[in-house]
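Residue numbering for the sequence shown is 26 to 789, as defined by the numbering used here.
Note that CB positions come from ideal geometry on N, CA and C, so glycine has one too.
Worksheet for the structure shown next.
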Amino acid sequence: MTWRNVRIIFAREIRDQLRDRRTIFMVAVLPVFLYPLLGLSFFQIAQFMGEKPSRILVIGAREPLDPPLFENNRFCEMFFASPAEARLLELAFFREEPEDHGLPRAPEGWETLAKEAITSQDFDAVLVFPPGFAGELARFREEIRRQLTAHFPGDIRNPADTHFESTGSKDHDELSHSGESPPGKGQPVIVARSAIPSPQIYYSSAQERSQTAYNRLQRVLEQWSTQVMIANLAAAQLPPEAARPFRLEIADVSAGTSLQGAAVWAKIFPVLLVIWSLTGSFYPAVDLCAGEKERGTLETLLSSPASRKEIVLGKLAAITVFSMATAVLNLVSMGLTGWLAFGNLPQFSAPPLSSVLWLGLALLPTSAAFSCLALGIAAFARSTKEGQYYLMPLLFVTLPLVGLPMARGLELDLGTALIPIAGLVLLLKTLIEGQIAEALRFVAPVTAVTLGGCLLMLRWSVQQFNREQVLFRESERFDLTAWLRYATRRRSVPTPALALLCGVSILLVRFVLTQALARTSLTLSFMQQALITQLVVVLLPVGVMTGLFVDRPRETLLLRWPRWRHVLGAALLAVALCPAFSTFKLWVTKLYPLDPAIAEYLKQLSTSVPDWPTLLFVMALVPAVCEELAFRGFVLSGFRSGLRPLEAVVYSAVFFALTHALMQQSVVAFVAGLVLGMLALRTGSLYPCVVYHAMHNGLGLVLGSITAEVYRQHPWLESLASWTEDGLMFHGPIVAAGILAAGLIVSWMIPHSPDRPTPEHDAD
């Protein structure tokens, strides 16, 4: 590879992009004006976003309350932080006289009245006091005073020696005066438990105005309830401090430092970095690939002395520069606008200077990764218009990974650090928040995942440029009739599109069936659910698509008789790899712990085995047959007809993993899918895959049923594995020996190259 050619292509693409007004507008003009204009628009719109008063209907408040709740047909201003806040609650009192135009006067009709007042939108909320509420409250307070006077004539000067008990008995007078010893120091004072009915608030959760009214009304009543408590304490001649002996003092250690308000910037900057790195790389990539196809200059570039790899690197460098420029300008514009607009708020401050360093370090790998991805997609597009259509699906895939770190409770650890994009966002979030020591522990895994993604995307981009049918696809008009005729034509083996459709259909049927079973009252056992899932979710779509689109099902589903050593070797291979998969499963569970409820449920299933033959049939044999027909049969054959064998194995393993309910199971299933896919390629038959799959599932069930008691009863297990809280953990030498034995078994199974694949599978 000649770096001079890379530099020439890089300079050529930079010049072309600088001449493009659309690119300059997206990179330089839009970020500078976007955020100030958004801030200006926000302040303009804020004039119409003032808080609107809530209309409250009060029922049953004829008697005055003590302490008072209402004053001049409003709530008392003492319950609000400011008079303006008090004016946000407008009250209307329901009068219980006959001239109320036929409205109900009896308490039995108040509930109907309250509901009608809200549903008709005459009021946002209704506050209902039960009949005699004020009198009951006063009697309760007087009862407290009377009982204390009966026990302690005169003032209570030292109430610390008295403790209070409550009772719901109506004969509390007799209880309070009964007993052999006279009341005195250390004796309990028995106070009647409050039998006062509670006021009720009626509101509608379907209306935002009603929810706002409820929240405001609840805060007022909580303040009034505190005043009622103080009045009751005064009746007992106790100070208010008796109920609240201390107050919490709050101190923000970040106040006055550069990290004040860093939590806000830590959520904004990483998201903007990822989104604008992706957007800033996509538009130049579309112009440099699909645009050159339209202009007819791509053929000239491909006929130059530069190799395809040099062309890709030159274009990639140019796209990365524009991606970085777009991200930097957006971050700077956002930071300055936010600081100028909200910098005067006490809980807000300018972005920490350290964030510039962390964002700068993450900028290059992030932009490079997205540039590689955008370049490969743009090379696949027939035209600029088609390339722009791919941006939205790409954003839909990326946004969940960006939004995942923003969820509450999700912290940076080894498991989250290994998630692409999400690990990088979490690392930046932790660094900007000032938790440098915590973040440095996970720099290595995040860097490895990010750089690994860059290399994979770069290799994929080079492959796209090496495929003539990708670079020179023609833009054709879409004809629905011709497409339907082509789609319904029967073939000897399915196409990659049919394989993709089959995998997606399985996922959709699984989702629909799961939701339908959850909504019905039908009670199914775990075995029944597992059997229905395999037959309906997995086997049914494969059977339908095989019958509709394939005229040689045996070749598609790899239903060829295998050699005896392939079947025996598959069974031995499952046994040899069992320690490795068991250990890998424990590692995955430690990285991504199961929900405690799910873990307990799975533990009960694994330890309570009523019928081993039925369990092995339903959980080992049936999944092996159904899933292998689907993923190593139809899906793998479809992908092999248009992709390289290794790519077909990876894609089929991805769909195989996605059919599992738990994410931890999906990770293990993906690796198992790779093994099964390679086994199908090397043997050319589905039967060894079924044998391996059934043995793999069966051994997993056996290991899962081993408890600590069983482990202690069989001392020979100690030579193979140790017992942990998560189950058996095989010793390292056992795992290594199993992997070595697996290699020997594969060499014995397939001592020579496999049979040549069919012409359909050789198609590229």
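Selected residue, minimal CA-CA separation from residue i, among the options
i: ALA260; options: VAL529, ARG588 and ARG171; result: ARG171
i: LEU313; options: GLY412, LEU114 and VAL299; result: GLY412
i: GLY440; options: ARG510, LEU661, ALA522 and LEU611; result: LEU611
i: TRP589; options: SER662, ALA766, GLN738 and TRP773; result: TRP773
i: LEU65; options: ARG577, GLY134 and MET359; result: MET359
i: GLY568; options: VAL592, PRO519, SER550 and VAL735; result: PRO519
i: LEU646; options: PRO618, VAL675, GLY723 and THR708; result: GLY723
i: ALA310; options: ALA331, ALA288 and PHE347; result: PHE347
i: THR251; options: THR558, ALA762 and MET103; result: MET103
i: LEU246; options: VAL337, PRO758, CYS101 and LEU263; result: CYS101
i: SER229; options: ALA142, GLY160, SER302 and VAL650; result: ALA142
i: VAL594; options: ILE775, PHE642, ARG492 and GLY702; result: First, the amino acid is wrong: residue 594 is Gly here, not Val. Measuring from the Cα of GLY594, the nearest candidate turns out to be ILE775.
i: ALA541; options: GLY725, PHE105 and ILE557; result: ILE557
i: LEU661; options: HIS591, ALA522, TYR736 and ALA231; result: ALA522
i: THR732; options: LEU560, ASP751, GLY478 and ILE402; result: ASP751
i: ALA767; options: LEU753, TYR717 and SER730; result: TYR717
i: LEU398; options: GLY709, GLU317, LEU437 and LEU338; result: LEU338
i: MET349; options: MET51, LEU525 and LEU389; result: LEU389
Three-state secondary structure (DSSP) of residue i
i: TYR227; result: strand
i: LEU602; result: helix
i: GLU436; result: coil
i: SER79; result: strand
i: THR548; result: coil
i: ALA175; result: helix
i: VAL870; result: In the structure as shown, the chain starts at 26 and stops at 789, and residue 870 therefore has no counterpart that could be examined.
i: SER380; result: helix
i: LEU114; result: strand
i: SER747; result: strand
i: GLY321; result: coil
i: LEU443; result: coil
i: GLU124; result: Bear in mind that the predicted position of GLU124 carries a pLDDT of just 43, short of 50, making it too unreliable to give a figure here.
i: GLY752; result: strand
i: VAL575; result: strand
i: ARG466; result: coil
Inter-residue spacing [alpha-carbon to alpha-carbon] between residue i and residue j
i: PHE405; j: LEU43; result: 24 Å
i: VAL693; j: LYS615; result: 13 Å
i: LEU55; j: GLY305; result: 11 Å
i: ILE770; j: ILE764; result: 10 Å
i: THR816; j: VAL575; result: In the structure displayed, the chain extends from 26 to 789; residue 816 sits before or after that span and is not available.
i: PRO430; j: LEU424; result: 11 Å
i: LEU128; j: ILE255; result: Note on LEU128: pLDDT 46, under 50, position unreliable in the model; no value is reported.
i: GLU324; j: TYR308; result: 21 Å
i: ARG46; j: ARG40; result: 12 Å
i: GLU115; j: ASP147; result: 12 Å
i: LEU465; j: VAL299; result: 20 Å
i: THR608; j: TRP748; result: 12 Å
i: GLY757; j: ALA601; result: 14 Å
i: PRO108; j: THR539; result: 54 Å
i: GLU136; j: ILE226; result: 10 Å
i: TYR60; j: VAL353; result: 13 Å
i: ARG484; j: PHE395; result: 13 Å
i: ALA686; j: ARG37; result: 50 Å
i: TRP586; j: ARG407; result: 43 Å
Where residue i falls, given that 16 or more other Cβ within 10 Å makes a residue buried
i: SER392; result: buried
i: ASP636; result: exposed
i: ALA276; result: exposed
i: TRP741; result: exposed
i: ASP149; result: buried
i: GLN243; result: exposed
i: SER380; result: buried
i: PRO377; result: buried
i: ASN98; result: exposed
i: GLY725; result: buried
i: ALA287; result: buried
i: ALA106; result: exposed
i: PRO222; result: exposed
Any chain B beta carbon closer than 7 Å to residue i
i: LEU683; result: Among the chains in the structure shown there is no chain B, since it carries only a single protein chain.
**Prompt:** Should the segment 74-94 be called in touch with the segment 45-59, which here means at least 3 C-beta pairs below 8 Å?
**Reply:** These segments do not touch.
**Asked** Does the segment 332-350 come within contact of the segment 28-36, defined as at least 3 CB pairs closer than 8 Å?
**Response** Look at the beta carbons and you see the segment 332-350 touching the segment 28-36: at least three pairs across the two are nearer than 8 Å.
**Prompt:** Counting Cβ pairs, one atom from each stretch, are 3 or more of them under 8 Å apart for the segment 448-467 and the segment 290-297?
**Reply:** These segments touch.
**Asked** Are the segment 667-674 and the segment 580-589 touching by the rule of at least three beta carbon pairs closer than 8 Å?
**Response** Below 8 Å, too few C-beta pairs join the segment 667-674 and the segment 580-589 to call them touching: fewer than three.
**Item:** Stretch-stretch touch, CB-based, cutoff 8 Å, three pairs: the segment 691-708 with the segment 651-666
**Value:** These segments touch.
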